[in-house]
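One structure is given below, encoded as structure tokens.
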Amino acid sequence: MAGGKMKPVVKEIFLLRFVACLGIVLMHSVTLVLDIYDIEENTLFFVLTSLQLALMFGTPVFIFISEFVMAYSYSDELPKRFYKKRFSYIFLPFIFIGIVDAALHSIHINSVDFEKKLLLNFFEGDFHGYFIIIIFQFYFLHPLFVKFIVAKYTAFQVIVTACLINFIYLAVFNFFDPFKYLYFLPYIEVEWTVLNKMPFPAWIAYFVVAYYCGKNYEQFLSLLHRLRYVLPTVCLLMLAMLLTSQWSGLITEVHSKRIDVIFYTLSVAFLLFFIASKIKTMPKLIIFISRYSFGIYLLHPIFNIMLKGFFVKYIDILNPFTVIVSTFLLSTISSICVVFFLNKWKFGPYLVGQVYAKEKSDNKMKLSQTKHLVNHR
């Protein structure tokens, strides 16, 4: 598409956003329960932690979606207002939510100082918004990647190299003990945490794989249909490996920066993509949640902080699963309501992100194109 003109939205992306968004909300709801209940290492602890791990694909899938859309939509070059729009509707909300998060922590947790938490949020990624810093790294890396890498090397070479870099980079943080070998460095715990999650090498595999999938969308979709019987098996195998490494003690940190999450996430993304391609008409609920996914991602932890303060008073009478379901529903619905009403205000999108109503009509147009593609394989 000459001049950076954007193509219609790929309908499969709606399902990926929907699952990734709600998966993150559910995962954080489980985390809230593990935080407020004194759950020892029993069956309930095993179930909830396993559920957390199974939902760890959420943030990496959002990175995959971001680059897939860029590679698919802008085949020649990024449009002139690309960075301006993303600064306005993605980076500014990151600043706003970072301030709100620091304020709420200083109110609800007496030991947290507002100014200190603010600095931690913006310079050390000490809140869920760190994901946006990662996305912006890839926004700037994308044109350099296309210019200096894509034209010189084959897709196979680049993908294998990126996966190796990602794997080795995270393996250092998964298996190297900084307190044993780097104990002499000041603030080593903070530095180690920041380097584990903030620099782009920690996520480079998702970026590179997503680029080639988006750039070669039809071939990618065709490949998924040829592998349709393998995809569920691979996904379950990757999940089994993830859980095995956790409960065997090989990797015990519960977060998305684990080496075993890389291939699990990609297997989930591919399976969801295939499932979405078989859906003739994308359900309105999926499209709706997809449109609000960025706002839900940004706002739901804010509501979780408030809900935690409420639920902690009633842990003796409330079942943990009741708290999980209640937190999931209340934080999701509340986030949608705030995004909806703030988008009615002129400056609202600069605070919580923009909702793109036009995606629905683009989806209808893309449905017929995808149906034609699948039916003629």
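Letter by letter, the sequence shown follows residues 1484 to 1860 of this note's numbering.
Note that CB positions come from ideal geometry on N, CA and C, so glycine has one too.
Check, Outcome
"Complete alpha helix (DSSP H) runs within the stretch 1609-1665 (minimum length 4 residues, chain order)", "1613-1628, 1638-1658, 1661-1664"
"Sub-8 Å separation of A1759 and E1560 beta-carbons", "no"
"Any 3 or more C-beta pairs closer than 8 Å across the stretch 1608-1617 and the stretch 1578-1585", "yes"
"P1669 (DSSP reduced to helix, strand or coil)", "coil"
"Neighbour-count burial assignment, T1526, 16 or more Cβ in a 10 Å radius", "exposed"
"Assigned secondary structure, S1731 (DSSP; H/G/I helix, E/B strand, else coil)", "coil"
"With 16 other Cβ atoms within 10 Å as the buried cut-off, status of H1855", "Note that H1855 has pLDDT 41, beneath the 50 cutoff, so the model's placement of it is unreliable and the number below is only indicative. Label assigned to H1855: exposed."
"Outcome for Y1666 when other beta-carbon atoms lying within 10 angstroms are tallied against a minimum of 16", "exposed"
"Local Cβ density within 10 Å of S1731, reported as buried at 16 or more and exposed below that", "exposed"
"Among P1784, Y1555, M1681, the one whose alpha carbon lies nearest that of V1629", "Y1555"
"Candidates G1697, E1701, L1653: closest to N1679 by CA position", "L1653"
"Residue environment, N1802, which counts as buried when at least 16 other CB atoms sit within 10 Å", "exposed"
"Start-end ranges of the alpha helix (DSSP H) lying completely within the stretch 1550-1582, minimum 4 residues", "1565-1569"
"Distance, T1815 Cα to Y1566 Cα", "28 Å"
"Proximal residues to L1509 (C-beta, below 7 Å), its chain only, five neighbours per side dropped", "L1538, F1811"
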